[in-house]
């Protein structure tokens with residue numbers, strides 16, 4: 483063991499240690515909520531700090547179990563940022579809905595460290611530990627409003643299906659281990675081209691794609707997403723659909739890069755498979771979202787479509803594609819988390835006020851919120867000055883660069899479909915009046931305002947930073 | 002290994018399935034059936050069933066079971082560590098190995114303090 487080992491996992495260690503500290507504070511200190519919040523934010527900021535510090539290095543630790551530096555650390559920063567925004571939004575929301583337990587912060591930090599471990603993993607064992615650490619925390623967090631039936635339903639559905647998907651992931655790992663003779667990605671890269679039974683190897687890869695596609699909620703493994711996002715606390719749904727998705731994509735990128743890099747024959751078939759998943763996710767997600775009347779379900783189905791856009795980057799299988807995914811994930815973090823934040827603000831104690839009808843005339847009642855929500859909706863649609871457009875541009879460019887122009891065209895068509903419901907919500911907010919008096923939802927606290935401000939600034943600014951992020955990676 | 006090498010395995014699996022299916026079906030066709038009230042009860046020669054087993058259990062049982070698994074696993078990890086400790090010690094990595102295990106135990110200790118303070122072990 484050397485200092486390299488510990489530097490490689492330093493960002494994870496920081497967040498994990500703080501999650502334990504927060505847990506001890508919960509047990510030992512009375513009247514501790516604000517202290518726990520402060521410590522959570524400090525821990526996540528510490529994680530970001532350490533990740534920035536080790537970003538320029540290229541680290542390998544614990545005999546190839548983990549890696550650090552570069553793209554991996556950028557993912558760390560992304561997860562921690564999502565965590566901080568969620569902490570800011572959580573207090574008001576959970577107190578209003580009667581589900582404010584201190585365990586929230588411990589679980590959130592542990593889920594974040596699990597996501598970070600997924601990004602750092604260069605070995606199947608590490609990857610699996612990361613997946614489970616993140617998922618188990620998510621199962622609990624999804625059922626956090628424990629007096630609400632739909633929250634419990636979300637938790638149990640997510641748990642059963644998630645455990646099933648973990649089985650696929652593990653079986654895939656086992657088959658790959660059996661053929662390449664090691665659990666490390668390095669073994670895959672070195673031996674995949676010369677395996678004796680390529681069929682078994684590809685079956686393993688396919689099973690791993692199934693497991694990871696479930697975690698990113700891609701077609702045809704997306705059915706859990708709307709139910710879980712609808713039932714889970716809105717702040718957690720926002721965190722799951724951004725950080726959770728990003729974590730699975732980070733693992734996806736690193737794993738597939740080792741397969742693509744091994745020079746094994748038949749990677750073009752994997753690319754086609756991923757392209758099919760991408761097209762299915764984009765169209766099924768967007769078309770189904772049109773039919774939704776509940777805004778949370780609409781956002782859930784559209785998040786399936788966003789997973790589809792990002793799968794384009796994987797199908798392209800080029801560095802450009804990976805960069806497109808990271809860039810899109812950063813943009814997506816701000817716009818999706820922001821949209822969920824506003825949905826959470828408007829949601830009332832009984833868990834209603836979530837349909838399109840409830841949003842009618844919002845611009846008259848709460849003009850500021852309507853304005854901000856409109857920005858997120860425009861960005862999610864992919865309308866130019868906002869981040870979503872530039873993210874999609876990078877992904878479609880990668881597809882064209884990989885001679886998959888048809889995939890880019892499918893992406894554009896799917897984006898056009900999504901105009902229907904995203905702008906439908908904007909029209910409801912600005913150009914429709916509600917007949918009856920609406921329940922107003924929560925007041926905008928200081929922390930929530932700060933989080934929303936960060937999300938808006940992120941959505942506006944990220945669009946102009948592709949070069950900066952590109953330089954950071956190379 | 003070629004796919005042909007798996008042939009005996011497949012034959013065995015098929016034989017197993019066939020044996021099971023044939024036994025069940027043959028028992029149904031060949032065996033005499035003289036049902037009586039006594040025979041159809043849950044335990045033919047045991048205690049009288051009092052009521053259905055679909056009943057609520059106290060959540061404390063689950064809690065205790067979960068905590069047991071948690072600390073059971075701690076010991077499971079300590080066994081291989083204990084076996085290989087001498088090798089690491091001989092190579093001069095004794096301190097490092099000891100610290101690694103201590104870190105693990107301290108992490109679990111945090112969890113123990115948490116459940117203790119939260120009253121998970123209060124039994125009433």
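Chains as they are written, first to last, in the working numbering: chain A, 483 to 956; chain B, 2 to 125. For every residue, glycine included, the Cβ atom is placed at its ideal position computed from N, Cα and C.
Alpha carbon to alpha carbon, how far is residue j from residue i? Give it in angstroms, no decimals.
i: residue 604(A); j: residue 629(A); result: 40 angstroms
i: residue 497(A); j: residue 528(A); result: 7 angstroms
i: residue 552(A); j: residue 488(A); result: 16 angstroms
i: residue 663(A); j: residue 744(A); result: 14 angstroms
i: residue 759(A); j: residue 895(A); result: 16 angstroms
i: residue 587(A); j: residue 789(A); result: 27 angstroms
i: residue 816(A); j: residue 721(A); result: 11 angstroms
i: residue 900(A); j: residue 808(A); result: 22 angstroms
i: residue 518(A); j: residue 72(B); result: 26 angstroms
i: residue 28(B); j: residue 44(B); result: 20 angstroms
i: residue 820(A); j: residue 708(A); result: 18 angstroms
i: residue 59(B); j: residue 118(B); result: 21 angstroms
i: residue 80(B); j: residue 121(B); result: 27 angstroms
i: residue 771(A); j: residue 521(A); result: 38 angstroms
i: residue 675(A); j: residue 599(A); result: 28 angstroms
i: residue 534(A); j: residue 13(B); result: 57 angstroms
i: residue 764(A); j: residue 750(A); result: 21 angstroms
i: residue 32(B); j: residue 40(B); result: 15 angstroms
i: residue 730(A); j: residue 55(B); result: 39 angstroms
i: residue 885(A); j: residue 870(A); result: 23 angstroms
i: residue 737(A); j: residue 667(A); result: 7 angstroms
According to DSSP, is residue i helix, strand or coil?
i: residue 495(A); result: helix
i: residue 837(A); result: strand
i: residue 677(A); result: coil
i: residue 720(A); result: helix
i: residue 915(A); result: coil
i: residue 548(A); result: strand
i: residue 776(A); result: strand
i: residue 945(A); result: helix
i: residue 830(A); result: coil
i: residue 768(A); result: helix
i: residue 543(A); result: strand
i: residue 933(A); result: helix
i: residue 762(A); result: helix
i: residue 700(A); result: coil
i: residue 603(A); result: strand
i: residue 93(B); result: coil
i: residue 666(A); result: strand
Is residue i buried or exposed, if buried means 16 or more other CB atoms sit within 10 Å of its CB?
i: residue 21(B); result: exposed
i: residue 545(A); result: exposed
i: residue 573(A); result: buried
i: residue 859(A); result: buried
i: residue 791(A); result: buried
i: residue 655(A); result: buried
i: residue 62(B); result: exposed
i: residue 640(A); result: buried
i: residue 715(A); result: buried
i: residue 7(B); result: exposed
i: residue 848(A); result: buried
i: residue 752(A); result: buried
Kindly list, in the order they appear in chain A, the residues whose Cβ is closer than 9 angstroms to that of residue i.
i: residue 70(B); result: Within 9 angstroms Cβ-Cβ: nothing; residue 70(B) doesn't reach chain A, min ~13 angstroms.
Is it the case that the Cβ atoms of residue i and residue j are separated by a distance below 8 angstroms?
i: residue 810(A); j: residue 877(A); result: yes
i: residue 102(B); j: residue 124(B); result: no
i: residue 633(A); j: residue 626(A); result: yes
i: residue 932(A); j: residue 823(A); result: no
i: residue 883(A); j: residue 800(A); result: yes
i: residue 851(A); j: residue 844(A); result: yes
i: residue 748(A); j: residue 706(A); result: no
i: residue 115(B); j: residue 509(A); result: yes
i: residue 615(A); j: residue 650(A); result: no
i: residue 550(A); j: residue 536(A); result: yes
i: residue 778(A); j: residue 711(A); result: yes
i: residue 647(A); j: residue 697(A); result: yes
i: residue 532(A); j: residue 593(A); result: no
i: residue 873(A); j: residue 813(A); result: yes
i: residue 741(A); j: residue 692(A); result: no
Just to make sure I have the definition right: I need the residues of chain B whose C-beta is within less than 8 angstroms of the C-beta of residue i. Which are they?
i: residue 510(A); result: 114 and 118
i: residue 502(A); result: 108 and 111
i: residue 859(A); result: Result: empty, since nearest Cβ-Cβ is about 42 angstroms, beyond 8 angstroms.
So is the beta-carbon of residue i under 7 angstroms away from any non-hydrogen atom of the ligand SAH?
i: residue 629(A); result: Questions concerning the ligand SAH fall outside what the structure shown contains, since it holds no ligand whatsoever.
What does residue i touch in chain B if you count any residue whose Cβ is under 7 angstroms from its own?
i: residue 505(A); result: 111 and 115
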